[in-house]
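Below: one structure, written as structure tokens.
2 protein chains.
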Amino acid sequence: MHPMEEISSSDAFHAYRPEVVVFVLSVDGKGRPNGMVAAWNMKCSDEPPLLAVAAEKNTNTHRLIEESNEFVIAVPSKALEKDILYFGSVSGENVDKIKKSKIKTTPSKHIKTPLLADAALNFECRLRSSADAGECTIFIGIVLASHCDPQRKVLFYKGAKDGKRVFEEI
Amino acid sequence: MHPMEEISSSDAFHAYRPEVVVFVLSVDGKGRPNGMVAAWNMKCSDEPPLLAVAAEKNTNTHRLIEESNEFVIAVPSKALEKDILYFGSVSGENVDKIKKSKIKTTPSKHIKTPLLADAALNFECRLRSSADAGECTIFIGIVLASHCDPQRKVLFYKGAKDGKRVFEEI
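Chains Z and G supply the protein sequences, listed in that same order.
Here the numbering used here is used: the first residue of the first sequence is 1266, the next is one more, and so on.
Here the numbering used here is used: the first residue of the second sequence is 1266, the next is one more, and so on.
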């Protein structure tokens, strides 16, 4: 048995990986989509199908979800690796990240928020409830429809190595 | 661009991986520990450090956490692969899974629930709040202390292949 060492929560959170860094998209009052990426997300019920995502309170996407009560969770494929980095580096407050990145969207079936055409999976969600979580709000959405591209594999994040973010396909 | 196909949420949830299948431990009124494994877990705040885990309402561990207001999230290493399968296959209602599995524990610093000695990471959590999520409750815990074994790597779950569960080290 090796000894357990106490470390900072920050260091422990970094080691607590892999994560699936998903796109979280929503729309404003005029139906204009924008979004962010979020490493903190999980399934949380099979029946009804529910997804949870933790969004920082000061983000534009947090505001969009609170206003529209809907969001899309788009699980990235390798084709979206560059877009993950872009969406993670810019605030949507003053930038239309979808237009700027030229990321491809496709209409969803039940809500205004679009899907990402090059994602491995897309989940259309209606906000069901939310829970306070410190600097974040956990948004819990009921999945109205799920879409996949069977030719795409899920891309997940393993952490940084030598200052570079390492993603891998499942 | 490939076409997006609508699929069942159940199929989409299976494809939405990898997951870190963690041990969730807690104690009963007499301080006796027990636990389960949970694939649905995430970090949800850096400051304060918060972790969220979705626990099915009908589980013994759900009851323990509601009664004791504390839990440990133990992130497994390769050494615990067999125990993940065991903890996932048996209810703690009538079985002391810790004793039965001979899994090694070590005292935590601030709470009654023990750590797992062979985990890669252990988080001592005090229940901060909970949120309803269909068949599950999301328990949100504040991290009181984090522990790591620097010689252990995190084991994560990639899904089933040819009927066998595939785990891999990060």
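Even for Gly, the Cβ is constructed at its ideal location relative to N, Cα and C.
At a cut-off of 9 Å between beta carbons, G:ALA1398 contacts chain Z.
For Z:TYR1351, no Cβ of chain G is located within less than 9 Å of the residue's own Cβ.
With contacts defined by Cβ atoms closer than 9 Å, G:LEU1409 and G:ARG1430 do not form a contacting pair. Within the stretch 1267–1313 of chain G, the beta strand (DSSP E) runs of at least 3 residues that lie entirely inside it are, in chain order, 1270–1272, 1287–1292, 1298–1303 and 1306–1310. Under the Cβ criterion of 9 Å, G:PHE1278 is counted among the residues facing chain Z. A distance below 6 Å between beta-carbons, with the five flanking residues on each side excluded, links G:ASP1348 to the following residues of its chain, in chain order: SER1366 and ILE1368. Within chain G, the C-beta atoms nearer than 7 Å to that of Z:PHE1388 come from ALA1277, in chain order.
Between the C-alpha atoms of Z:ALA1425 and G:VAL1419 there is a straight-line separation of about 15 Å.
Residue contact with chain Z for G:THR1378: absent (no Cβ-Cβ distance below 9 Å to any residue of chain Z). Excluding the 5 residues flanking it on each side, G:LEU1290 has same chain C-beta neighbours closer than 6 Å at PRO1298, GLY1300, VAL1337 and THR1378, in chain order. Scanning chain G for C-beta atoms nearer than 8 Å to the C-beta of Z:ILE1330 yields nothing, as the closest lies near 15 Å away. GLN1416, ARG1417, VAL1419, PHE1421, LYS1423 and GLY1424: these are the residues of the stretch 1416–1427 of chain G whose beta carbon lies less than 8 Å from some beta carbon of chain Z, given in chain order. Looking at the DSSP output, G:HIS1412 sits in a beta bridge with Z:GLU1271 and G:ASN1387. It is roughly 40 Å from the alpha-carbon of G:LEU1381 to the alpha-carbon of Z:LEU1381.
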